[in-house]
Structures are given as C-alpha cells and as structure tokens.
Amino acid sequence: MSFMYMKIPEDNMRTGLILVIMFCAHLPAICGEPTPTSLVLKTESHRPPLLTGNLRIDFFSQDLLGNGGLVYSNANISGQTTGARQSGGKSSWLAAGLSAAVPGVGEFYSKSYLKSAIFLGTEVVSWIIYGVYTKRGNDRTDEYEAYANVHWTVADYALWMNRHKDCSVNVSADKNLPPQGRVNWDELNACERTVKGFSHILPPFDTQQYYELIGKYAQYTPGWDDSDTTVFIDYAEARNLDRVTPRFRFYRDMRGDANDFFNTASTAVGLVVVNHILSALDAAWSASRFNRGLEASVRLEIHRLGEIREVVPTIDVTVSF
C-alpha cells in the first residue's frame, strides 16, 4: 500500500484555519458552540485549580481545568440577578412599626440586641414607675379626703360667714344630718360672691375641686375644727393668708404629697411616649444600617470543561463595617 503526501504551504494552512473558525462561529447549531455575542471568553494560563462548586468536576476533572480548560461567563442568562439584596435584609418600615408598638422589638429584629435591651428596659421601668406612683397618689388621696370629712365641715364655715360676713345662710340645727346636708349650698355660694376679697365659691361636696379648695385657700380656714370661730380673722386680707390652723397645714401637705406622686406618674407616661418615638426612629435606622452592612451579588456562569458544560451559580458577598 502506498501513500501520497501533498505539501500545503504554511500560510495557506493558517488562512484555512481562520476561515474554519469564522464559519463555525456563525453556525452554532452545527458546531454546538455558544454564540460569541452572548459569551465572553476568559482564558487564564498557569492559574491554580479552579473550584466550580460541582463536586464531580472539582475532585475528578482538575486536569481539564489545569490544562487550558475554557470558562465562559454568560452575562445575559435569563433570571440573572445582579446587586441583589441579601435575602435576610431587614425592612425599615417593619422595624419602626414593631418598636412603635413595643420599644426594643424593632431593634431585636434588626439584630441590635444591646439597644433592644435598653429600649425595652426603659419601657418596663417607666410602666413600673407609673403604676407605683399612681397607686401612691390614689392612696394618699383617699387619706386626705377621709381626713377632711372628719375635720372640716361646711356647717361651721357657713356659721362663721353668718357671724362675721353679714350672710344669712340657712344652717339646720339638726346635727344628726351630715354637715353638707345641713347647709343651703346656693345661699352659701351667693354670700361668697358678695364678700370682697374672696376669690372662690365652694364647689359641691365630694368633688375634686371641693377637696382642693378647702386646703388651698385661707378663706376656708373657719371650717376646720381646730379653728376658733369666735375670733374674727379677715382672711380676705393678704396679711392674714398665712394665719391658717395646724390641721389646715397638715391637710395641705397631704394633698401636696398626692400631687407629687401623680406628677411623677405623669412624667413616667411622658417617658413612655418619648421612648416609643425614639425606639421607632432608631429601629428604622438600625435596619437600614444592617442592610448596608451586608449585600450580595448573584450571577450565573457557564463553565466549559473540555466536553463538559456546567452552569454554576456564583454569589459575591460584600461586608461593610
């Protein structure tokens, strides 16, 4: 058997090889290659082993990767996500809403655990203060009202007005009646309006204003049972405003204590409101900061390893501090 050899010039061989490559590039169905318009060819020489995430290739085909394996990165693959937020990202609106309802919960959701404990602790302490001081105020109120019911009577006050202020208030002599039931209240108020220097009229019995006025204004001193109604002291004059009885002062201090307790409780409520607002704003900021701290970029890469073609999902994670 004989063979015939034909020598082809080197320049012609190069030209023919270029024509074949161009022909295959325009006929992907024949050559089975991806279209160049959608693929970006990346070549590397003398690079270390490439891990693709595919165990079969990583463990058994590193020779292909190390011997000129070609890797294609497709930038137009359907479903590609670039610069996507990490799936664990936090909603600023949700964080703010949670903390507006219960301070500290939005911070916990945003993984700001120390601030969560601070806001939640402030909320709990504020409500405890409110409850404790509201109870103290109510207890002291019951005490001073009971004290007034025993030691101050409108009947004695009306009799003093009749004796020293030329009033004619009808006061029943029946001491079996309660003091407030012995006095014609309308006549008493009418007389008070005529007295020069008197700034108030006595409110109805057992109202908040009733208990406030009898221990606040000197004009009601004659109603206390340690007052000498036979001695005239004109409480309409400024020089006599401090000439009140010991029981008047004791009662006034009791009312002052109750008011202080209620003021502390009100301050605690104000702190609760402020705490809700600050916690909501901080939770929104914390969620935004959490999202800026961790972002992920997702893409798909086609790896051609000899005769093997793999689509490998790739995630780039960026952490900011």
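Each number in my numbering corresponds to the 1-based position in the sequence shown with 3 added.
Built from N, CA and C at the ideal position, the CB exists for glycine as well.
Quick check: what's the CA-CA separation for residue 140 versus residue 264?
Rounded to whole angstroms, residue 140 and residue 264 show a C-alpha spacing of 5 Å.
Would you kindly work out how many angstroms separate the C-alpha atoms of residue 187 and residue 173, rounded to a whole number?
Near 6 Å, if we compare the C-alpha coordinates of residue 173 and residue 187.
Take residue 29 and list the residues in its own chain whose beta-carbon comes closer than 6 Å to its own, dropping the five residues that flank it on each side.
For residue 29, the pLDDT reaches just 47, beneath the cut-off of 50, and the residue's location in the model is therefore unreliable, leaving the point undetermined.
Just to confirm, is the Cβ distance from residue 102 to residue 108 under 7 Å?
Here residue 102 is near residue 108, since their CB atoms are less than 7 Å apart.
Helix, strand or coil for residue 153 per DSSP?
When secondary structure is reduced to three states using DSSP, residue 153 falls in the helix class.
Between residue 226 and residue 150, is the Cβ-Cβ spacing less than 7 Å?
No, they are not a contact pair.
Just the Cα atoms here: how many angstroms apart are residue 129 and residue 280?
Separation of residue 129 and residue 280 (C-alpha to C-alpha, rounded to the nearest whole angstrom) is 14 Å.
Identify every residue that forms a DSSP beta bridge with residue 227.
Paired residues: 155.
Taking DSSP as the reference, what is the three-state secondary structure of residue 277?
Here DSSP, grouped into helix, strand and coil, assigns residue 277 to helix.
How is residue 198 classed by DSSP in three states: helix, strand or coil?
Here residue 198 sits in coil by DSSP.
Could you check the C-alpha separation between residue 178 and residue 185 for me, to the nearest Å?
Put simply, the backbone Cα of residue 178 is about 8 Å away from that of residue 185.
Quick one: what does DSSP say residue 186 is sitting in, helix, strand or coil?
Strand at residue 186.
For my contact list, residue 229 and residue 250 are in at a C-beta cut-off of 8 Å; report their separation, rounded to the angstrom.
Confirmed, Cβ separation roughly 5 Å.
Close-in-space but distant-in-sequence residues of the same chain around residue 272 (CB under 7 Å, 5 per side omitted):
If we look at residue 272 and ignore the five residues flanking it on each side, its Cβ neighbours are 133.
Starting from residue 95 and walking both ways along the alpha helix (DSSP H), at which residues does that stretch end?
Its alpha helix (DSSP H) spans residues 95-104.
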